[in-house]
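Notes for the one structure printed next.
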Amino acid sequence: MMTSFLPLVAAVLFAIGAIGVLIRRNAIVILMCIELMLNAVNLTFAAYSYELRSMTGHIFIFFVMTVAAAEAAVGLGIVIAVFRKRHSADVDDVNLMRW
Amino acid sequence: MLDFLWLIPVLPFAGFLACGLLGRRYLSKKAVSWIACGTVLLAFLLSVAAILALGDLASIAPTRGMDVDPAAARVTLNVASWILGGSAPGGARFAIPWGFTLDPLSAVMLLVVTGVGFLIHVYSVGYMSHEEGYWRYFAYLNLFMSMMLMLVLGSSFPVMFVGWEGVGLCSYLLIGFDYQRDSAANAGKKAFLVNRVGDMGFVLAMAWIFASVGRLDFAGVMSRVSELTPAVAAGIGLLLFVGACGKSAQIPLYVWLPDAMAGPTPVSALIHAATMVTAGVYMVCRCSALYLQGPEALRVIAAVGALTALLAATMALKQTDIKKVLAYSTVSQLGYMFLAAGVGAFTAAIFHLMTHAFFKALLFLGSGSVIHAMSGEQDLRKMGGLRRSLPVTFWTFLMGTLAIAGIPGFAGFFSKDEILAKAFEESPYLWGAGVVAAALTAFYMFRLVFLCFFGDSRAGAGHHPHQSPRVMTLPLMILAVLSVVGGWVGIPKSLTGGADLNVFEHYLSPVFAAPAAESEHGGSVGLEILLMLLALGVVVMAIAAARRFYVQRPEIPKRLAERFPTLGRLLENKYYVDEMYDLLVIRPYLASCRALHGFDARVVDGLVNGVRHFIVGLSYLSRFFDQYVVDGMVNAVAYLTRGLSLALRRMQTGMVQGYLTVFVLGIFLFVSLYLFWHR
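Sequences listed follow chains E and R, in order. Using this note's numbering, read the first sequence as starting at -3 and increasing by one per residue. Using this note's numbering, read the second sequence as starting at 5 and increasing by one per residue.
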């Protein structure tokens, strides 16, 4: 009953995250938007896990959180490395890998 | 001793192997001389022992492989099997072993070959002492001895043929011994090729004998010749005679012998005077039974022999090369032997063969001694007066000359006289030809002696002829003695007042039984002596003429030459026979070779080249196909890929958010599509 609106909230959160990733230029903000998207997914898992009385969703949440943590660590590392070289965290400036 | 018969040809062969294989590097000249002469001497001693044993056949206990026939005084020793075949036309199993036969005929040849051969070997030690290829010379000489003994001892046609070809090979090798000289090499080739013509006759005769008798061993064939028709026997005989013509230098195949004088002089003495060239006579005598079955062949042999004796003697008249005179003399004397064989006097033929071997070897060795003394000069016009500086050579040479001229008491007299007597029984014309040839022989031989040893030296200043060393003069002396006494074994009845002293004829009688009996009731003693005196008178006149021409009045020959220029030129050019062969055989042959070469070069090569051009053209075409079509396709793919990638790489902007946008849009698209299709 209470959970029926949770997928909707998760979808909204996901959409906000995705749009943030697509339109924001700052790498840290993009990382934060990615976190938002991941957590939107986590919310979905948690909602359905509760609804279906299953632990599978919870276990997935842990996996996702682990991956997210690793991803954030690597992502921030890259951002710091880029910033040291360019004095900027703008992803549009990091376009060396092209034709 | 007869068990060791096979050693006689094998010993010189061992000498050949030793000298030939080791002579160049490991043996000194001295060692080579000892080996070469030693093996021949051993062969000679063995021959003597074997012949002595042959005289007492009854006491011989035949051992394995030995076949004794006391009636024919013949011993055959089969050493090893050679050719084994199935059943022959005659029925029995066909087999040709390596067999050696000793009978009185081969005994005489054996003694002549090994005896004279040994003397010539010894002589060669002195004559060849300064030569480069000393070991090679003695190796060839030993091989020759071995092959000649095989020829003589061979118990069948094929074994004889092995020796026959072997001596031909050695003749070729030794004529061309001085192979750097073109003339020597060519003379060797000529001898070899002319002999091949004769050998073809020999091979064909062997085939015919095999086809009609089914055997090839002499004893077997000769015991069965009576089964042959006279025509077949004559045909086989003529083919054999073709072989004999080649080997023994008879018309028309004599042309190689004068050229063979390009070889070293001892070789001329051994091979081209004493032994090899008499192989034809020996072979004809060996097949006497066959010839008596087909007397037509004998008539041809007598005619050819008489003609050769006569023509070769005239050719010798104007030769200026000392060895060429002797060469034509040899051809002429061989003609004599064939004349004897042709009239059925095989004993006389072999008798003359033996005495001729003595005195002609002596003459050749004497001429070698002269040439040696003159430092290689062979031209009679540049000699003269050598009597004083070369006494030994002169006296021995004179012995030989008297012997060949047929002066009574010397060897040639008895043998020549026997031939003339037998020829007269057959036909006076043959006798006439023989007497004329004898007179010519006496004339040209004394011409040679007078030009060479008498008068004044024509050698020019600074020429000091020196007597040859002992090793050369000793064989000369021995041969001179043999040239005198060699004829005493065959003194005819007419001279002994009826006492039978003709040892030689008796010795050979087991071999030639038939003709000997026939001649018993021949001409009377008086007629024989008359003929003898006639021939002698002609010969003495010829000698006197030679003395007048070349000692007393040297201008006569020149005047005669001016009176009869055509005849002179004809004789000088040996009747243009070589030129005729050149025109009739060599030129057409070379022309046909050239024509065939032209055919080869144009048509055959043209075809090959045509194919080549065709294939090269095709490859050009296929190259274009490869280059433009195959490569074009490959390149087209490459260009296409390149163009596409040029266009597509624009997508790779490096803008992460651009990629993400496309990514999201793609997901939207595919999810929408999925939802659309799976409703």
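Heads up, the beta-carbon is just placed ideally off N, CA and C, and yes, glycines get one too.
Quick check: what's the CA-CA separation for residue i versus residue j?
{"i": "glycine 180(R)", "j": "tyrosine 144(R)", "result": "11 Å"}
{"i": "leucine 686(R)", "j": "histidine 356(R)", "result": "Given that chain R is displayed from residue 5 to residue 683, the structure contains no residue 686(R) and the question cannot be resolved."}
{"i": "glutamate 300(R)", "j": "serine 419(R)", "result": "25 Å"}
{"i": "isoleucine 39(R)", "j": "leucine 31(R)", "result": "10 Å"}
{"i": "glycine 24(R)", "j": "leucine 147(R)", "result": "9 Å"}
{"i": "phenylalanine 401(R)", "j": "glutamine 556(R)", "result": "21 Å"}
{"i": "alanine 521(R)", "j": "glutamate 532(R)", "result": "A caution first: alanine 521(R) carries a pLDDT of 41, below 50, which makes its placement in the model too unreliable to give a value."}
{"i": "leucine 600(R)", "j": "methionine 70(R)", "result": "54 Å"}
{"i": "threonine 397(R)", "j": "aspartate 182(R)", "result": "25 Å"}
{"i": "isoleucine 408(R)", "j": "alanine 446(R)", "result": "7 Å"}
{"i": "methionine 637(R)", "j": "valine 37(E)", "result": "53 Å"}
{"i": "leucine 242(R)", "j": "lysine 386(R)", "result": "44 Å"}
{"i": "valine 90(E)", "j": "tyrosine 663(R)", "result": "13 Å"}
{"i": "tyrosine 127(R)", "j": "valine 475(R)", "result": "6 Å"}
{"i": "glycine 89(R)", "j": "glycine 218(R)", "result": "11 Å"}
{"i": "phenylalanine 362(R)", "j": "methionine 319(R)", "result": "23 Å"}
{"i": "threonine 43(R)", "j": "proline 16(R)", "result": "5 Å"}
{"i": "leucine 535(R)", "j": "proline 496(R)", "result": "13 Å"}
{"i": "histidine 125(R)", "j": "methionine 132(R)", "result": "10 Å"}
{"i": "cysteine 41(R)", "j": "phenylalanine 122(R)", "result": "6 Å"}
{"i": "tyrosine 176(R)", "j": "valine 156(R)", "result": "19 Å"}
{"i": "proline 395(R)", "j": "serine 472(R)", "result": "10 Å"}
{"i": "alanine 62(R)", "j": "proline 74(R)", "result": "7 Å"}
{"i": "valine 163(R)", "j": "valine 493(R)", "result": "31 Å"}
{"i": "serine 160(R)", "j": "alanine 77(R)", "result": "17 Å"}
In chain order, what residues of the same chain lie with their CB nearer than 8 Å to the CB of residue i, ignoring the 5 residues before and after it?
{"i": "arginine 185(R)", "result": "Ala266"}
{"i": "isoleucine 560(R)", "result": "Arg552 and Phe553"}
{"i": "alanine 189(R)", "result": "Gly180 and Tyr183"}
If you follow the beta strand (DSSP E) that residue i is in, where does it begin and where does it stop?
{"i": "isoleucine 179(R)", "result": "Here isoleucine 179(R) belongs to no beta strand (DSSP E); instead the alpha helix (DSSP H) covers 161 to 179."}
Just curious, the alpha helix (DSSP H) that residue i is in, first and last residue?
{"i": "glycine 192(R)", "result": "186 to 217"}
{"i": "methionine 149(R)", "result": "138 to 157"}
{"i": "valine 607(R)", "result": "Neither: valine 607(R) is in no alpha helix (DSSP H) and is coded neither H nor E."}
{"i": "serine 37(R)", "result": "33 to 58"}
{"i": "tyrosine 286(R)", "result": "283 to 290"}
{"i": "aspartate 582(R)", "result": "581 to 585"}
{"i": "aspartate 383(R)", "result": "Run containing aspartate 383(R): none; DSSP gives neither H nor E here."}
{"i": "glycine 388(R)", "result": "Looking at the DSSP string, glycine 388(R) is not in any alpha helix (DSSP H), and its letter there is neither H nor E."}
{"i": "glutamine 661(R)", "result": "660 to 681"}
{"i": "glycine 491(R)", "result": "Careful: glycine 491(R) lies outside any alpha helix (DSSP H) and carries neither H nor E."}
{"i": "glycine 438(R)", "result": "432 to 457"}
{"i": "arginine 68(R)", "result": "Element bounds for arginine 68(R): n/a, residue is neither H nor E."}
{"i": "alanine 317(R)", "result": "299 to 320"}
{"i": "phenylalanine 1(E)", "result": "Per DSSP, phenylalanine 1(E) belongs to no alpha helix (DSSP H) and is neither H nor E."}
{"i": "phenylalanine 516(R)", "result": "That residue, phenylalanine 516(R), is in no alpha helix (DSSP H); it is neither H nor E in DSSP."}
Since residue i meets chain E, which of its residues come closer than 7 Å, beta carbon to beta carbon?
{"i": "valine 660(R)", "result": "Val87"}
Mind pulling the chain R residues with CB within less than 7 Å of residue i?
{"i": "valine 17(E)", "result": "Leu664"}
{"i": "methionine 93(E)", "result": "Gly658"}
So which residues on chain R does residue i lean against when the C-beta distance must stay under 9 Å?
{"i": "alanine 14(E)", "result": "Leu664 and Val668"}
Among all the DSSP beta bridges, which residues are the ones paired with residue i?
{"i": "arginine 78(R)", "result": "Asp73(R)"}
{"i": "isoleucine 87(R)", "result": "Ile100(R)"}
{"i": "leucine 106(R)", "result": "Val79(R)"}
{"i": "asparagine 22(E)", "result": "Asp86(E)"}
{"i": "aspartate 7(R)", "result": "Answer is none; aspartate 7(R) lacks a bridge partner."}
{"i": "aspartate 504(R)", "result": "Answer is none; aspartate 504(R) lacks a bridge partner."}
{"i": "aspartate 325(R)", "result": "Asp383(R)"}
{"i": "aspartate 221(R)", "result": "Ser160(R)"}
Excluding the five sequence neighbours on either side, which residues of its own chain have a C-beta within less than 7 Å of the C-beta of residue i, listed in chain order?
{"i": "alanine 353(R)", "result": "Val285, Cys289, Met341, Ala344 and Ala345"}
{"i": "lysine 194(R)", "result": "Trp260 and Asp263"}
{"i": "histidine 468(R)", "result": "none"}
{"i": "valine 335(R)", "result": "Ala253, Tyr258, Leu261, Thr312 and Ala316"}
{"i": "serine 216(R)", "result": "Leu232 and Val236"}
{"i": "valine 612(R)", "result": "none"}
{"i": "tyrosine 585(R)", "result": "Val259"}
Enumerate in chain order the residues of its own chain whose CB-to-CB distance from residue i is below 6 Å, with the five nearest sequence positions on each side excluded.
{"i": "phenylalanine 457(R)", "result": "Leu390, Arg391 and Phe398"}
{"i": "lysine 33(R)", "result": "Tyr138"}
{"i": "alanine 99(R)", "result": "Leu88"}
{"i": "leucine 478(R)", "result": "none"}
{"i": "leucine 178(R)", "result": "Tyr144, Gly267 and Val271"}
{"i": "aspartate 86(E)", "result": "Arg21"}
{"i": "glutamate 509(R)", "result": "Thr351"}
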